[in-house]
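Sequences listed follow chains G and C, in order.
For the first sequence, our numbering puts the final residue at 323, and the numbers step up evenly by one.
For the second sequence, our numbering puts the final residue at 323, and the numbers step up evenly by one.
Backbone N, C-alpha and C define an ideal beta-carbon position, used for all residues, glycine too.
Fair warning: this is a prediction, and the values are worked out from it, not measured in the lab.
Protein chains: 2
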Amino acid sequence: MTARKAVTSASVVTYLRSCINKGDLNPDDKLPSEREISERLQTTRVTTREALKQLEAQGVIYRSNRRGWFVTPDRIKYDPSRAMFFMDYVAEQGQQPFSRELQKTKIKADAEIALMMGVPIGEPLVELQRLRGSGVRPVYVERILLREKLLPGIDKKDLENSVSRVIRNDYQTEYGRIDLDMVVGSLSVTDAELLQAPAGYTSITIQRLSYDAKGEVLELDLEQWRHDALQLKVSLSS
Amino acid sequence: MTARKAVTSASVVTYLRSCINKGDLNPDDKLPSEREISERLQTTRVTTREALKQLEAQGVIYRSNRRGWFVTPDRIKYDPSRAMFFMDYVAEQGQQPFSRELQKTKIKADAEIALMMGVPIGEPLVELQRLRGSGVRPVYVERILLREKLLPGIDKKDLENSVSRVIRNDYQTEYGRIDLDMVVGSLSVTDAELLQAPAGYTSITIQRLSYDAKGEVLELDLEQWRHDALQLKVSLSS
DNA sequence: GAGTGGTCTAGACCACACT
DNA sequence: GTGTGGTCTAGACCACTCG
Numbered sequence: 086m087t088a089r090k091a092v093t094s095a096s097v098v099t100y101l102r103s104c105i106n107k108g109d110l111n112p113d114d115k116l117p118s119e120r121e122i123s124e125r126l127q128t129t130r131v132t133t134r135e136a137l138k139q140l141e142a143q144g145v146i147y148r149s150n151r152r153g154w155f156v157t158p159d160r161i162k163y164d165p166s167r168a169m170f171f172m173d174y175v176a177e178q179g180q181q182p183f184s185r186e187l188q189k190t191k192i193k194a195d196a197e198i199a200l201m202m203g204v205p206i207g208e209p210l211v212e213l214q215r216l217r218g219s220g221v222r223p224v225y226v227e228r229i230l231l232r233e234k235l236l237p238g239i240d241k242k243d244l245e246n247s248v249s250r251v252i253r254n255d256y257q258t259e260y261g262r263i264d265l266d267m268v269v270g271s272l273s274v275t276d277a278e279l280l281q282a283p284a285g286y287t288s289i290t291i292q293r294l295s296y297d298a299k300g301e302v303l304e305l306d307l308e309q310w311r312h313d314a315l316q317l318k319v320s321l322s323s
Numbered sequence: 086m087t088a089r090k091a092v093t094s095a096s097v098v099t100y101l102r103s104c105i106n107k108g109d110l111n112p113d114d115k116l117p118s119e120r121e122i123s124e125r126l127q128t129t130r131v132t133t134r135e136a137l138k139q140l141e142a143q144g145v146i147y148r149s150n151r152r153g154w155f156v157t158p159d160r161i162k163y164d165p166s167r168a169m170f171f172m173d174y175v176a177e178q179g180q181q182p183f184s185r186e187l188q189k190t191k192i193k194a195d196a197e198i199a200l201m202m203g204v205p206i207g208e209p210l211v212e213l214q215r216l217r218g219s220g221v222r223p224v225y226v227e228r229i230l231l232r233e234k235l236l237p238g239i240d241k242k243d244l245e246n247s248v249s250r251v252i253r254n255d256y257q258t259e260y261g262r263i264d265l266d267m268v269v270g271s272l273s274v275t276d277a278e279l280l281q282a283p284a285g286y287t288s289i290t291i292q293r294l295s296y297d298a299k300g301e302v303l304e305l306d307l308e309q310w311r312h313d314a315l316q317l318k319v320s321l322s323s
């Protein structure tokens, strides 16, 4: 009998981790192809893929579409309790942020949105869709719903970089309470496409409801993050 | 040619979702075995398993050890900004909470812990490990590190149900600032075992550093949650 | 056009859970 | 003991990316 001992996915994980830790592979570097790894370690693609998925779950590597596997750069530290802007805090962490406006339209609140925002059905809103990333990698898509009633003419402003800055400067409106809601799930087909991830990729959904100083709802922000791109930090003082 | 069209994992997902939505399967119900599903839908176990993993990522079903797949009950809504206790808010949401003390020992801060807590290396601490769940399902493990210096004799108290209550009532100490840190990752072998999940299961890591009113660090809380068991809600007032 | 990741087939063995 | 989930082998085809 030639009885070759089966190669476990755990050993493939160990091997790949060591490559990354040794520095043979740096953040955003591409890993060798699945077939090449399999051949090198004398195993099958299924086992190699299993190992890759484990590392992906740990946030060590990530996938980009059908282009391959890459080493994950540091997570973006995001503190929703600090009044800071994406473009600023990513830069502060030594990475290059980018922001792309995908859509800006006037809509009317449907039943679902109205419920989430606590406004009447049919209330006029401005919907803004953005894609944001760090370096070469898109990290989240967001959908922002703004109440035109409280922010007249907001649809004509440049909102690509920061909505909060416009609200503060152009409307002399300060934020009051913010309600955050976070859940781990997986990406829809359309969101996955935008984030250059396979459908079903593990994601973090953040829903943020912002009020003004008088307690009126200003905006609803729905974010979908690649799970491995985010580290959430919140500071509470009671 | 007999050329049977390949069955896609997407169609298996659709089929299982419909079973759950129709009410054929209720929360915590066990799904049929992988082989049975495969045979019923004329496909292989690999494809069925792929579908099950997709539903797992979405949080629709969960695994328990080697016992099988089950329908996920509602997520526990957890608001760290409210002064509430696990046992209370789970009950409030109509589920039966449980809490089990796994360990309680006196230790000295090692380098890693000292750094996280901002205390000197070697500072005496009380380490408490607990396992908590809802219904029949364990949902998170936690490791609590308490500063004996500020909480003398804390190791002799009953801490199974609520540390915060003891601190408040027995030490007349109020909490001040709380720093939260959240990240999505995967379970270690030991944590997975405690949570009756396979190693590598997707998890949410929550790190909570609590200060007293004077700004002194009181405790460090390290929690590992099953990703599908938690919905985090935070209310911030600026 | 060559090569890659994404997916599916059709088996197999093992360790553990349940009865 | 029986059956289950967990894992691995050894192929195959397709759709897409990249050069």
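Item to check | Contact list for Ala282 of chain C against chain G, beta-carbon separation under 8 Å | outcome: The premise fails here: Ala282 of chain C is roughly 12 Å from chain G at the closest Cβ pair, so nothing lies under 8 Å.
Checklist entry - Would you say Ser94 of chain G and Glu141 of chain G are within 8 Å of each other, going by their C-beta atoms? => result no
Checklist entry - Around the Cβ of Ala277 of chain C, are there at least 16 other Cβ atoms within 10 angstroms (buried) or fewer (exposed)? => result buried
Item to check | Reduced DSSP secondary structure (H/G/I, E/B, other) of Ile105 of chain G | outcome: helix
Item to check | Contact the stretch 292-302 of chain C vs the stretch 253-269 of chain C: 3+ CB pairs below 8 Å | outcome: yes
Next on the checklist: Using a 10 Å radius around the Cβ and a threshold of 16 neighbouring Cβ atoms, would you call Ile252 of chain G buried or exposed?
Outcome noted: buried
Checklist entry - What is the C-beta distance between Arg232 of chain G and Val204 of chain G, in whole angstroms, given that I count them as a contact (C-beta under 8 Å)? => result 7 Å
Item to check | Where Ala88 of chain C falls, given that 16 or more other Cβ within 10 Å makes a residue buried | outcome: The predicted position of Ala88 of chain C is uncertain, since its pLDDT is 38 and thus under 50; no value can be drawn from it.
Checklist entry - Counting only beta-carbon atoms, is Gly300 of chain G nearer than 8 Å to chain C? => result no
Item to check | Nearest-angstrom Cα separation, counted from Gly220 of chain C out to Val269 of chain G | outcome: 21 Å
Checklist entry - In chain order, what residues of the same chain have a beta carbon less than 8 Å from the beta carbon of Val274 of chain C, not counting five sequence neighbours either side? => result Excluding sequence neighbours, Val274 of chain C sits near Ala284.
Checklist entry - Does DSSP put Thr343 of chain G in a helix, in a strand, or in coil? => result Residue 343 of chain G is absent from the model: chain G starts at 86 and stops at 323.
Item to check | Per DSSP, cross-strand counterpart(s) of Met267 of chain C | outcome: The partner list for Met267 of chain C (beta bridge, DSSP) reads G:Leu317 and C:Ile291.
Checklist entry - What are the uninterrupted segments assigned as alpha helix (DSSP H) that are 4 or more residues long and contained completely in the stretch 229-257 of chain G, given in chain order? => result Listed in chain order, they are 248-256.
Checklist entry - Is the CB of Ser166 of chain G under 8 Å away from at least one CB in chain C? => result yes
Checklist entry - Is the beta carbon of Arg293 of chain C within less than 7 Å of some heavy atom of the ligand GDP? => result Ligands displayed in this structure: none; no statement on the ligand GDP is therefore possible.
Checklist entry - Quick one: which chain G residues come within Cβ less than 9 Å of Thr287 of chain C? => result Ala142, Val269, Thr287 and His312
Checklist entry - Can we say the stretch 153-169 of chain G touches the stretch 111-120 of chain G, given the rule of at least three CB pairs closer than 8 Å? => result yes
Next on the checklist: Quick check on DSSP: helix, strand or coil for Leu116 of chain C?
Outcome noted: coil
Item to check | Contiguous alpha helix (DSSP H) assignments of at least 4 residues, all confined to the stretch 151-217 of chain G | outcome: 171-177 and 196-202
Checklist entry - Relative to the alpha-carbon of Arg222 of chain C, which residue among C:Ile161, C:Thr99 and C:Asp109 has its alpha-carbon at the smallest distance? => result C:Ile161
Item to check | Cβ-based burial, Met86 of chain C [other Cβ within 10 Å; buried from 16] | outcome: Confidence at Met86 of chain C is low in this model, with a pLDDT of 32, below 50, so the placement of that residue is unreliable and no value is reported for it.
Item to check | Assigned secondary structure, Met86 of chain C (DSSP; H/G/I helix, E/B strand, else coil) | outcome: With a pLDDT of 32 at Met86 of chain C, under the threshold of 50, the modelled position of that residue is not reliable, and the figure given next carries that caveat. It is coil, neither helix nor strand.
Item to check | Same chain, Cβ closer than 8 Å to Gln180 of chain G, neighbours up to 5 away in sequence not counted | outcome: Cβ neighbours of Gln180 of chain G beyond the five flanking positions: Pro158, Asp159, Ile161, Ser219 and Gly220.
Checklist entry - Are the Cβ atoms of Ser184 of chain G and Arg217 of chain G separated by less than 8 Å? => result yes
Checklist entry - Does DSSP classify Ser94 of chain G as helix, strand or coil? => result helix
Item to check | Tyr286 of chain G vs Leu272 of chain G beta-carbon contact at 8 Å | outcome: yes
Item to check | Spatial distance of Leu137 of chain G from Ile239 of chain G (CA atoms) | outcome: A straight-line Cα-Cα distance of about 45 Å links Leu137 of chain G and Ile239 of chain G.
Item to check | Supposed close pair Leu235 of chain G, Leu210 of chain G - CB separation, criterion 8 Å | outcome: So it is not a contact: roughly 11 Å between Cβ atoms.
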